[in-house]
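A quick write-up on the structure given underneath.
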Amino acid sequence: MVREKPPRLVTPAVQVRAREQAVATEETKPCIVAGHLSAFFGDAAAVRDVSISIPQNAVTAIIGPSGCGKSTLLRCFNRMHETVPGARVEGSVEILGSSIYGENTSPIAVRRHVGMVFQRPTPFPTMSIRANVAAGLRVDPKSHASRGATDAIVEEALQRAGLWAEAKDRLDESAIALSGGQQQRLCIARALATRPRVLLLDEPTASLDPLSTQKVEELVYDLRTTVTVVIVTHNLQQAARVSDGTAFLLMGELIEFASTSEMFTAPRDPRTESYITGRFG
Amino acid sequence: MESVEGSGRMKNARRRHLVSGVMIGLTYICAILATLPLLLILWHLMVKGASSISLAFFTHMPRPVGEPGGGMANAIVGTLILIGIASAIGLPIGIGAGLHLAEKKTTPLAQTTRFLADVLNGLPSIVMGIFAWQILVRPIGHFSALAGGVALGAMMIPLVTRTTEEMLLVVPTSLREAALALGYPKWRTSISIVLRTALAGIVTGALVAVARIAGETAPLLFTALGNQFWSTSIGQPIAALPLQIFVYANNAYEELHQLAWAGALVLISIVLVISLAARLVTRSRFGAAVD
Numbered sequence: 000m001v002r003e004k005p006p007r008l009v010t011p012a013v014q015v016r017a018r019e020q021a022v023a024t025e026e027t028k029p030c031i032v033a034g035h036l037s038a039f040f041g042d043a044a045a046v047r048d049v050s051i052s053i054p055q056n057a058v059t060a061i062i063g064p065s066g067c068g069k070s071t072l073l074r075c076f077n078r079m080h081e082t083v084p085g086a087r088v089e090g091s092v093e094i095l096g097s098s099i100y101g102e103n104t105s106p107i108a109v110r111r112h113v114g115m116v117f118q119r120p121t122p123f124p125t126m127s128i129r130a131n132v133a134a135g136l137r138v139d140p141k142s143h144a145s146r147g148a149t150d151a152i153v154e155e156a157l158q159r160a161g162l163w164a165e166a167k168d169r170l171d172e173s174a175i176a177l178s179g180g181q182q183q184r185l186c187i188a189r190a191l192a193t194r195p196r197v198l199l200l201d202e203p204t205a206s207l208d209p210l211s212t213q214k215v216e217e218l219v220y221d222l223r224t225t226v227t228v229v230i231v232t233h234n235l236q237q238a239a240r241v242s243d244g245t246a247f248l249l250m251g252e253l254i255e256f257a258s259t260s261e262m263f264t265a266p267r268d269p270r271t272e273s274y275i276t277g278r279f280g
Numbered sequence: 000m001e002s003v004e005g006s007g008r009m010k011n012a013r014r015r016h017l018v019s020g021v022m023i024g025l026t027y028i029c030a031i032l033a034t035l036p037l038l039l040i041l042w043h044l045m046v047k048g049a050s051s052i053s054l055a056f057f058t059h060m061p062r063p064v065g066e067p068g069g070g071m072a073n074a075i076v077g078t079l080i081l082i083g084i085a086s087a088i089g090l091p092i093g094i095g096a097g098l099h100l101a102e103k104k105t106t107p108l109a110q111t112t113r114f115l116a117d118v119l120n121g122l123p124s125i126v127m128g129i130f131a132w133q134i135l136v137r138p139i140g141h142f143s144a145l146a147g148g149v150a151l152g153a154m155m156i157p158l159v160t161r162t163t164e165e166m167l168l169v170v171p172t173s174l175r176e177a178a179l180a181l182g183y184p185k186w187r188t189s190i191s192i193v194l195r196t197a198l199a200g201i202v203t204g205a206l207v208a209v210a211r212i213a214g215e216t217a218p219l220l221f222t223a224l225g226n227q228f229w230s231t232s233i234g235q236p237i238a239a240l241p242l243q244i245f246v247y248a249n250n251a252y253e254e255l256h257q258l259a260w261a262g263a264l265v266l267i268s269i270v271l272v273i274s275l276a277a278r279l280v281t282r283s284r285f286g287a288a289v290d
């Protein structure tokens, strides 16, 4: 069961602007294109034959009831699905024109260009705040950033994640000294530090309090100009607040994908309508 | 309790409190009984051995019976060398095997290794001595520190393997996933994230294993053998505290008995210090809250 959080204050003007943009972005070129994508755990299909084209530099929300395959679909976009023993993927996924399941494509290279943030904050407990943000750079063989350059990237990433003001005086402290909401923004900064083209957010506010949730949502909203964001959420209001387009998944199938305003005002599929009006899920 | 109404419920409550009190009392008694042997041993060793401990005990060689003074410098150094050889063998293999067990939980190799490590853990230590004798002493033709170190190292492997595995499994999967999603290769995730996060626990396990083998006597009987003289060569028989204690305690002379007590006190102190170090490592900031 989904207990929805009460809607919070995002000015109507912002929401209207979001929807206008959503319509506009539908004409922009696609970033992630999945074709007949199915994902399995052993013999059980969690995602069935999904074809979707996710626009570039926009926020796309994936909604649906628990167990509908939202997270699994998301994890197909950075090849994290296959890290689970017995899991496999069929179909194709292209990101910015190149197939990420190609024979010569390494999952590691894919993941360097596609950042991911999880439901619970996952700062590396043995590292300082600075080292956490720089973690992705350190394992990138193409990055030979000097110490000074790394510091600049760390600052930029923390700025973008809205954590710089709170963290700038404690960069060398342990990351687990931060609050839960700060830890989650730290994880977003860590994902942004490698300058990914795509940022995948798997219920990023599920374990946060309302104020931290709001901060993360504002952050997601601001990121849309520079990075393509796909956000899985249980929270319909959240999808309505932050996203330009919304995809509705049910039992692993993509039921409907449309601009968020259309989805929440005039859904085409009756199942979408019953879900967003709260008849199930 | 006063507010409980009705005599039946009252009686019930009183009975429950009584039973609870008795049970808690029993656990106190058991806890005291569990620590009693260690306290008695320590007390006994202090009484018997402390008087023979002096600077000379640590710096002088044993002297012939009848000559006053003399120490166990060779045995103390010998024990440290044996611990060093054993750790050089047991720690890398044990930690590596533990890492394999934690990362490849269900492969046939992992399952076999896990089972055999448990069997090995239960193996009498003298069997390890015979094993080292068979593979090192017999082919080479004489006893050596190396053979003793190998016997002790073989004892450490299963201990370190299992504790390492357990410590690694405590690291949440979400951390592994976070590292993989950042573009960490799998091996790098295992080493810089998983192993690093579990480091305090692994170090503790390693120190406990060292403490466990430091006092072993049986595996050394036909390997390191013991040595009355000063020797730090790993190719030659070497003195060790447990062996020296064994020899002196079996002797008829009272002076040597005194030295055996002192040796036992030093040995148990080494083990205590290592165990305390293990405690301190766990408490340091590395181990802080993995939730």
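Going line by line, the protein sequences match chains A and B.
If you count by numbering that gives the first Met the number 0, then the first sequence holds residues 0 to 280, one letter each, in order.
If you count by numbering that gives the first Met the number 0, then the second sequence holds residues 0 to 290, one letter each, in order.
Glycine included, every Cβ here is placed at the ideal spot set by N, Cα and C.
Computed from a prediction, not measured in an experiment: that's the story for all the values here.
Min CB distance residue i to chain B below 7 Å
| i | result |
| --- | --- |
| residue 224 (chain A) | no |
| residue 107 (chain A) | yes |
| residue 134 (chain A) | yes |
| residue 115 (chain A) | yes |
| residue 20 (chain A) | For residue 20 (chain A), the pLDDT reaches just 46, beneath the cut-off of 50, and the residue's location in the model is therefore unreliable, although a value from the coordinates is still provided. By this cut-off, residue 20 (chain A) is not an interface position. |
| residue 262 (chain A) | no |
| residue 196 (chain A) | no |
| residue 82 (chain A) | yes |
| residue 140 (chain A) | no |
| residue 111 (chain A) | yes |
| residue 203 (chain A) | no |
| residue 125 (chain A) | yes |
| residue 149 (chain A) | no |
| residue 121 (chain A) | yes |
Distance CB(residue i)-CB(residue j) smaller than 7 Å
| i | j | result |
| --- | --- | --- |
| residue 239 (chain A) | residue 232 (chain A) | no |
| residue 252 (chain A) | residue 271 (chain A) | no |
| residue 241 (chain A) | residue 187 (chain A) | no |
| residue 48 (chain B) | residue 224 (chain B) | no |
| residue 76 (chain A) | residue 199 (chain A) | yes |
| residue 116 (chain B) | residue 160 (chain B) | yes |
| residue 86 (chain A) | residue 135 (chain A) | no |
| residue 252 (chain B) | residue 21 (chain B) | no |
| residue 259 (chain B) | residue 237 (chain B) | no |
| residue 109 (chain B) | residue 119 (chain B) | no |
Identity of the residue in the options nearest residue i by Cα
| i | options | result |
| --- | --- | --- |
| residue 55 (chain A) | A:197, A:255, A:204 | A:197 |
| residue 53 (chain A) | A:100, A:223, A:41 | A:223 |
| residue 79 (chain B) | B:277, B:210, B:258, B:217 | B:210 |
| residue 77 (chain B) | B:274, B:259, B:227 | B:227 |
| residue 225 (chain A) | A:61, A:159, A:131, A:206 | A:159 |
| residue 34 (chain A) | A:69, A:91, A:84 | A:91 |
| residue 157 (chain A) | A:146, A:141, A:176, A:182 | A:182 |
| residue 84 (chain A) | A:40, A:57, A:120, A:204 | A:40 |
| residue 268 (chain B) | B:8, B:37, B:189, B:15 | B:37 |
| residue 235 (chain B) | B:177, B:193, B:147 | B:147 |
| residue 277 (chain B) | B:216, B:231, B:198, B:91 | B:198 |
| residue 121 (chain B) | B:201, B:241, B:89, B:158 | B:158 |
| residue 126 (chain A) | A:140, A:81, A:206, A:175 | A:175 |
Contact with chain A by residue i, beta-carbon distance below 7 Å
| i | result |
| --- | --- |
| residue 186 (chain B) | no |
| residue 98 (chain B) | no |
| residue 195 (chain B) | yes |
| residue 174 (chain B) | yes |
Residue i (DSSP reduced to helix, strand or coil)
| i | result |
| --- | --- |
| residue 154 (chain B) | helix |
| residue 52 (chain B) | coil |
| residue 309 (chain A) | There is no way to answer for residue 309 (chain A), as the model of chain A reaches only from 0 to 280. |
| residue 178 (chain A) | coil |
| residue 21 (chain A) | For residue 21 (chain A), the pLDDT reaches just 46, beneath the cut-off of 50, and the residue's location in the model is therefore unreliable, leaving the point undetermined. |
| residue 193 (chain B) | helix |
| residue 166 (chain B) | helix |
| residue 254 (chain B) | helix |
| residue 205 (chain A) | coil |
| residue 224 (chain B) | strand |
| residue 48 (chain A) | strand |
| residue 71 (chain A) | helix |
| residue 126 (chain A) | coil |
Nearest-angstrom Cβ-Cβ length linking residue i and residue j, presumed shorter than 8 Å
| i | j | result |
| --- | --- | --- |
| residue 281 (chain A) | residue 259 (chain A) | Given a span of 0 to 280 for chain A in the structure shown, any question on residue 281 (chain A) remains unanswerable. |
| residue 221 (chain B) | residue 128 (chain B) | 5 Å |
| residue 156 (chain B) | residue 69 (chain B) | Not quite, the Cβ-Cβ distance comes to about 37 Å (not below 8 Å), so this is no contact. |
| residue 131 (chain B) | residue 218 (chain B) | 7 Å |
| residue 214 (chain B) | residue 149 (chain B) | About 18 Å; that fails the 8 Å criterion. |
| residue 230 (chain A) | residue 60 (chain A) | 5 Å |
| residue 72 (chain B) | residue 59 (chain B) | 6 Å |
Residue i beta carbon near the ligand FMN (any heavy atom closer than 6 Å)
| i | result |
| --- | --- |
| residue 179 (chain A) | With respect to small molecules bound, the structure shown includes none, and the ligand FMN cannot be examined in it. |
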